Amino acid sequence: MVSNRIDHKWGMVVDIDKCTGCQACVIACQAENNIPLNTKDTFLQKRVNEWIRIERYWEGEYPNVKARYIPVLCQHCDNAPCEPVCPMYATYHNDQGLNVQVYNRCVGTRYCINNCPYQVRFFNYWHPGWPERLENQLNPDVTVRTRGITEKCTFCVQRLRRAELKVERQSGARLNDEALEKGNYAPACVHACPTSALTFGDQHDGGAKIRNYFDDVNAHDIHHEHERETRGYRLMEEVNTRPNVIYLKKIDQHPLGKGDGHV
Amino acid sequence: MQEGRVLPAEQVNRDLLRSILETPKWFWPVVGILGLIVLIAAILIGYMINRGLGITGLNRPIFWGFFITNFVFWIGISHAGVMLSAILRLAKAEWRRPATRAAEVLTIFSLMTAMIMPIIHTGRPWRILYWAFPYDFARGIWPNVRTPLIWDPSAILTYLTSSTLFVLIALVPDFAVLRDRTTGISHRIYGLLAMGWEGNARQWKLQIIAGVLLSALILPVFVSVHSIVSWDFGMAVAAKSWHSTIFAPYFVVGAVHSGVSAVAFVLILLRWMYGWQDYIRHEHIDGLGRLLVVVATGWFYFFVMEVIFGIYGREADEIAVRSLQFIQEPFQAWTIIFIVTTYFIPVALWLTRRARRNLWIMSLACISVNIGMWLERYLIIVPGLANRTAFTFSWNSYVPSVYEAIIVGATFAFVSMLLLLFSRVFPLIPLYDIKEGDILKNESVKIGRRVVPAVFRED
Amino acid sequence: MSSHSESHYPHDMWVFPDAQSTTQDVANKTASTPKILKLGLVIAGVLAVLGVVGFVLRMATDGFSDYGAWGYYAAIFSYIFIITSSAPLVAVAFRLTKSHWRRPISRISELFALVGVVNVILYIPLIYLLPSINNPNFTPGMHGELQIRKTIWMEVPVGAPHWWDFLGIISLAVLSLVILWVSVVPDLAETRSTTNGWRKKLYTLLAGHWYGTKKQWIHQKISLALLGALYFMMVVFVHFLIVSDFAMSLIPGWKDSILPPLYTVTGFQSALSIILIIAFTMRKWGGYEKYFGTSVFWSASKIQIGLTLLWTYHLFAFFITLWYGRMELEQNILRYLMFESYSWIFWLNVIFIFLIPFWILVWNPVRKTAWGPALAGIFILVGNLLFQIRIFVGAFNAGDIYHLGLFKVPPPVFPDVWDIFMVLGGIGLVAFIYLIGTRILPALSVWEVKEGAMYQKMGTLYRGEYLVLAKPE
Amino acid sequence: MAKRPILGLFKDANQAADAGDALKSSGVSDRDIDFLTDAPYPEGAFGEREEKHRLYLFPFIGATLGLSAAILLTSMTQLAYPLVTGGKPILALPAMAVVSYEGTMLGAILFTCLGVIFESRLPKLKSGLYDTRITEGYIGVLASVEDGDLDQTTGILNQAGAVDVKTEG
C-alpha cells in the first residue's frame, strides 16, 4: 500500500486581504470534524474548542476603528515544539508534512498544548455530547474524541485519505489542485470560505497555486533582510517552527490615518 | 558542637523505641483524622477521574495549575532527605546523627505523594502505564525518550528506589534491636527484616562504608531529579520565562531550601511528640539553621539571576510575563509574600543564635519558607502560562476549583499520616548512629583550663 | 598509630607540627630563597617581559579601535582574574566552616590578594576596548539593529559597564588585601622582633599594634568572618558582571542565565587546583612537609571532585535547554561555541576540566596522596584556560554586536604570536608577583597551624589509636 | 574434632578487648574471634582482625551494566519506532544522555546495596550463638574453639570479667 504512494507535502496559504471574518470556516470545521458544541458554558469556563478560529484585532481608537481578522489553525510546523514533548508519540510528524494527533495514544498530559506557540491545540475537559437531534449529523469518517485527550486541526486528513484512495489508487492520477477542487477533497474550511481566502495544495506539486508563495517564503528567511517578492510570511517566524501554513499580508486601501476612518 | 550527655545503651533503646513499643494516647485519634482527610481527597480524586478534569479550574491557556505546582513542591521537599543525610555524612558532621533517617523517610513519602500529582492530573490516568513504562505490547508503542515527561519518571523512580534502599540498609541494625525487644509475630517479622544481623565487626564496617558510599552515589541522583523536573518547564519554548538555562540549579537549590526547612520542622515536631529532648537537641536545630542561611542565600542568588536574565533579553512577551509576576494583580501581591516569606523573614531570624535555638521561632521560620516556596512554584507555572500572547483567543486567568484545593491540602495530611505510621513501626532516629556518636564522644581536649569536647575520627 | 591504621593511611596522613619551633622555622624559610625559587622567579620574569612585548606589539599593529583583535587578551585577563579573585575564598570559606584541614593552606590562598593588583592593571585596556552600549551608527528604521545592545545594565547608568566593572575589580583587590592583612598580622607580630632589615620595618609597620591580647584575637576572628562573608558575595557578583559584560552581551542574542554560575564554579575549581599545586610544591621542594599532612589534599580533593561534577552539570543544563529550543540563534550559539567553530577547544575543555580530573580523583587511594589532587589541578587549570579562550575569544569575534541575534556562525579565531606572548606573559606576571609575595610574607599561616595543633591529637580508644578532633564553638 | 562456639558477654569494652587479647595469647586464632556490639565501634577498637572486602567493585559493575542497559533501551526504542518529532533526530543523543545517566546511577546503587548485603554475609540463615543483651550495650566476644578447650576458654572469659558465658544459645 505504502509502496506506490505518491509523497505529498500539504500546505495552506491564508490571504488575510481576502478574509472578511465571516467565520464560515469555523462552522464548516465544527461540522466536518465532530467538534463538541461550544455552548455558553464552555465559553464561560474558557474552554472553547475551535480547530480553526478567527483572531480579531481592533486597529485605531474609537470611533476611528478598523477590525482586522486572522484565521488561525494548526500550522503543521516542521519544527513543531508540541511533538517532541509528548511521552506517548501521540503527536508526530508524518511523511506528508502533517502534524498528526493519534487520539488513541493520548493520555492528556497537556504538555503539547503548553508548548504550542499558536494556541491551536485543544483539550477535552468534558465528555463531548450533542443534543439528541444532532446525533445523526456526526461525520462517520471522523472519530468522536473522548474526554481527557488533546485534539487539533488535521487538515481534514480523512478527506485527503479518501482522495488518495479515489484518485491515486483508482485512476492513478496525481492528486493536484484540480483533483482536490473537483472531488471536494480539500479541508472543509477551504471549501467553505466564500472569498476563497484559504488555498490548500501540495508543496511538492509543481503546478500548485500555493507553490510560489512557499518557494518565496522558504527562500527568504526573516533574518536576512532582502525583500520578498510576494506578500507571504509565517506566523512567529522568530520561533523557527517552520509552519506549513503561510499568510499573505493585508493591503489596506484606506490606511487608518488621524481623524479620518470609517465609523 | 557536641553538647548533651552520653547515654547508656539501654536508655537509648528505651527512649527511641518508645514510639514503637508503646502507643501514646493521641496517636490513633490523630492518625484517624488525617486518614479521614486523605479518604475525602481520595473520593474527590475518584470523582474527578469519573467526571473528567472539567471539575478543576483549569482552562485555556492555564493547562497546568495547582496539581503541577504541588508536584514540584513535594519533589522539592523530597530533596531534604538526601541533601541532609548524604552531605552531612560525607562531611562527617556530628550533629547529623538524629536528623538523617527522619529526613530520608520524609524524602520517600513526599516522593510518593509527588508522584500522585501528575498521574491524577492527566486526562486519562488509567492509561498512565503507556506513559511511564517502556514496554512493547502488540501495538509496538514505546515511550518517547525525547520528552522531559519520560525523563521525569526515570529520574523519580531511580530516586525513590535508591532512597528506599538507602533507608532499608541503614535500618537493618535497628531491626536487630527491635527483634531482641519484641516477641511473637512482630519478633518474627523484625527478625526476618534484620536478616540475622548480629553486629560483628565485619557487618558494622560494611554498614559504615555503605552509608558513605550510598550517600556519594545518591547525591548526583538527587541533583538530577529536580533538574529534570525543572526541564519540564525549561524545555518549553512557547511559555515565555520558562525557557531559561538556569532553571535546573535554581530549582535544585530552591528544593534544598524548602526541604531542609521541612526536615527541621519535622524534627521539632518529633521532639515534641515523643519527648526526644536528649536526642534532638538545640544544637542540631541550630546547625540546620546555619546551613539554611547559606542555602537560602544561594537560592536568592539564583532567583536574582533568573529574573535579571528574564529582562535581559528585552523581548516584549518575556517582559510581559515579568510584569505579570511582579507588577500586575493578582500575582504581584503573591510575589511580594513569596519573596518575603522565602528569604527575608527566615534569614533575618536565622542570623541570630537566640532565634536559632528557639524552637517556636525556628518552626515558624521553616513553615514560612515552605509557604514561600509553594508560592514560588505557583508563580513560575501559572503566570508563565497566563501570559497574554499575541492571540487574544487565550487571554484568561486561573482560579483553582474547590476540588483542587482540597486534594492539594490533603497531600499534607497524607504525608504526615505516612510519617506517623512509619514512626509506629520503624525507629525514626537511627539508634546505632546515636550510640556510635556517644562512643566516639568520650574524649576531650584540654587546653589550659578549658576542656573542649572532641570526637574520635577514623579519618 | 595503631597497627591496623597504618595499613589504611599513609604515615604522613596527619602531621602535628611542634608549636614552639614553627614560628622560627617559617620565618627562616621566608627569609631564605632556595635555588628552585630563584629559577622560578627568573622564568616568570622572562615570561612577564614577553607578555609586555606582545601587548605593545599588538597595540602597535591593531590599536584599541578594533576590539576583535584583543580576544586572547580578554581571555587571559579573565583567566587570571577568575583564579586570583576566587583563590582567597578557599581560606575564607573553610574558615567559616571551621575545617581544620584548611589551616596549612589558608595563607597560600590569601597571598593571591597580592596578585589582585594585576587584575586592576590588566583591566585598564579593556575599558577602552569594550564597545559602548549605545549603538554609535544607529539610524531609526534600520532593520534588525538595536539602538542599545542587550546588556544587564538595562537603564545604562553613567559609566556602565566599563567603570562599574572597574570599580568592582578594584574593590575586590582592596577587600582581599584587607583580609590578607588581618589574617597575617599575628604572624608578623611574632617575628617582627626576631627578623631584621626591611622585613623588620615592614612587619613593625603592618603589625606594630598587635600584642595578641584576648580582645585583639576576638576582633580578628570576627572581622575575618565578616570580611570573608562580604568577600564571598562580592566575588560572585563581580564574576557575574565580568562574564556578562565581556562575554554574553558581546554575542548578539545570547541570553544564558546559567553562564555566571558556570563561570563562578570554574573559578572555584581552578582556585582550589592552583592552591593544591602550590601546597604540593611547598611540601615537596619547599621543606614544608611537616606542616602539610596528606589529609589536606584528601579533604580538598573531595571538594574538588564535587566542583568538577558541578561544572559539568551546569554545562549540560545550558546545553540541553538550547538544544531543545529550536530557535535559530540558539542553535547557532551552540554551533559557534561548542560544535563547529570552537568544537576542538570545547571538547578539550571538557576532557581537561571534567573527564581527566574526575577519573583521577574518583579513586580514594589517589585522593589520599599529595600528587593526585595536584595533578588533577594541573589539568583543570589547562581546561580553564581553554574555557576562557572559547568563551571570550568567541565573544570578541562574534560579529555585529548591535544585531538582533547570531544568525550566521562566525569562524574561529586562532592566536598569532603576540597573543601567545600575552597569554604566557600574563601567567608569568602572576607567578612573579606571587613568588615575590612569598618572600615578603610567611607562606604558612602560623597562628592557624598553632591553633590547629591544640585541637588535634592522636588518642587511644580501647585497642585502637585514632585522630581526635575538637571543634571549639 | 569439631569446633564449638562460645560467647562471653562483657559490660565494659576494655574488658572485652582484654578478653580478646587473652584468647589470642591462649592460642585461639584471630579468625575464630569476633566481637558483637550494638554500635559501630571504630575499626580496631578491640584489636580485632582486619576485614577485607570488595564492596568498591560493586558500584562500578552496576554502573556499567546500568549504563549499557539504558543506552540499549533508549536507542532501541527510538529506532524501533522511528517517528520524527519536532525536527529532532531519530536518535536524539542529548535526550538519551539524561535517561542513560539515571540508568547508570540506578545500576550502581542497586549493586551497591546487593554488595553490602553480600559482603556482610547476610542474610544469615542459621543464627549462631547470640544474646539479646548485646543490643543493650553489652559486648559479646564470640570465639569458636576445639571441644576440649571449652572449659579453658570459659575460664579465660570469666577471668577477663565476663558477665555471662554461653556455649549454646
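Residue numbers (the working numbering), protein chains in the order written: chain A, -17 to 245; chain B, -2 to 456; chain C, 987 to 1459; chain D, 792 to 960. All C-beta atoms, glycine included, are put in the ideal place defined by N, C-alpha and C. No experiment lies behind these values; they were computed from the predicted model shown.
Residue i versus residue j - alpha carbon distance
i                  : j                  : result
TRP139 of chain B  : PRO873 of chain D  : 10 Å
GLN1290 of chain C : LEU1361 of chain C : 12 Å
VAL932 of chain D  : PRO1003 of chain C : 39 Å
MET1220 of chain C : GLY1253 of chain C : 14 Å
ALA49 of chain A   : ASN166 of chain A  : 31 Å
GLY51 of chain B   : PHE104 of chain A  : 13 Å
TRP33 of chain A   : LEU382 of chain B  : 20 Å
ILE1068 of chain C : THR104 of chain B  : 37 Å
PRO66 of chain A   : HIS844 of chain D  : 47 Å
ALA951 of chain D  : MET1444 of chain C : 27 Å
SER238 of chain B  : ASN384 of chain B  : 10 Å
LEU941 of chain D  : GLY906 of chain D  : 35 Å
LEU147 of chain A  : ALA155 of chain A  : 11 Å
THR808 of chain D  : GLY838 of chain D  : The sequence given here places Ala at residue 808 of chain D; Thr does not occur at that position. Each residue's Cα considered, the two are about 7 Å apart.
THR73 of chain A   : LEU858 of chain D  : 29 Å
For residue i, the three-state DSSP class (helix, strand or coil)
i                  : result
ILE51 of chain A   : Here residue 51 of chain A is Tyr; the residue named in the question, Ile, does not match the sequence. Correct three-state label for TYR51 of chain A: strand.
MET1324 of chain C : helix
ILE426 of chain B  : coil
VAL84 of chain A   : coil
ASN15 of chain A   : coil
LEU321 of chain B  : helix
LEU217 of chain A  : coil
ASP477 of chain B  : A question about residue 477 of chain B goes unanswered here, because the residues of chain B that appear run from -2 up to 456.
ILE233 of chain A  : coil
ALA1384 of chain C : coil
GLY243 of chain A  : Any reading at GLY243 of chain A needs caution, since the residue's pLDDT is 45, under 50, leaving its predicted position unreliable; the model's value is listed next. Coil.
TRP1000 of chain C : coil
GLU211 of chain A  : coil
MET270 of chain B  : helix
ASP825 of chain D  : strand
LEU457 of chain B  : In the structure displayed, chain B extends from -2 to 456; residue 457 of chain B sits before or after that span and is not available.
Buried/exposed call for residue i, threshold 16 Cβ in 10 Å
i                  : result
LYS1241 of chain C : buried
TRP1149 of chain C : exposed
ALA1211 of chain C : exposed
GLY939 of chain D  : exposed
SER1051 of chain C : exposed
GLU91 of chain B   : buried
ILE444 of chain B  : exposed
LYS1475 of chain C : The structure shown does not extend to residue 1475 of chain C, since chain C spans only 987 to 1459, so no value can be given for it.
Residue i versus the options, residue with shortest Cα-Cα distance
i                  : options                                      : result
LYS1288 of chain C : C:LEU1192, C:PHE1344 and C:ARG1269           : C:PHE1344
ASN12 of chain A   : A:TRP40, A:ASN121 and A:VAL54                : Note that residue 12 of chain A corresponds to Gln in the displayed sequence, not to Asn. Closest by alpha carbon: A:ASN121.
ARG319 of chain B  : B:ILE377, B:PRO246 and B:GLY286              : B:ILE377
LEU1100 of chain C : C:SER1072, C:ALA1079 and C:LEU1116           : C:SER1072
GLN322 of chain B  : B:GLN8, B:THR332 and B:GLU315                : B:THR332
TYR1249 of chain C : C:MET999, C:PHE1373, C:THR1446 and C:TYR1109 : C:PHE1373
TYR1059 of chain C : C:VAL1409, C:ALA1429 and C:THR1424           : C:VAL1409
THR855 of chain D  : D:ARG912, D:GLU842, D:SER891 and D:PRO833    : D:SER891
Worksheet item: the segment 1221 to 1241 of chain C: which residues have C-beta closer than 7 Å to a C-beta of chain B, in chain order?
Response: If the cut-off is 7 Å between Cβ atoms, the segment 1221 to 1241 of chain C has VAL1222 and LYS1241 near chain B.
Practice prompt. Below 7 Å between beta carbons is the criterion; list the residues of the segment 233 to 253 of chain B that meet it against any residue of chain C, in chain order.
Written response: The residues in question are VAL234, HIS240, SER241, THR242, ILE243, ALA245 and PRO246.
Worksheet item: According to a CB-to-CB cut-off of less than 8 Å, which residues of the segment 390 to 420 of chain B neighbour chain A?
Response: Those residues of the segment 390 to 420 of chain B placed with their C-beta closer than 8 Å to a C-beta in chain A are PHE390, SER391 and ASN393, ordered along the chain.
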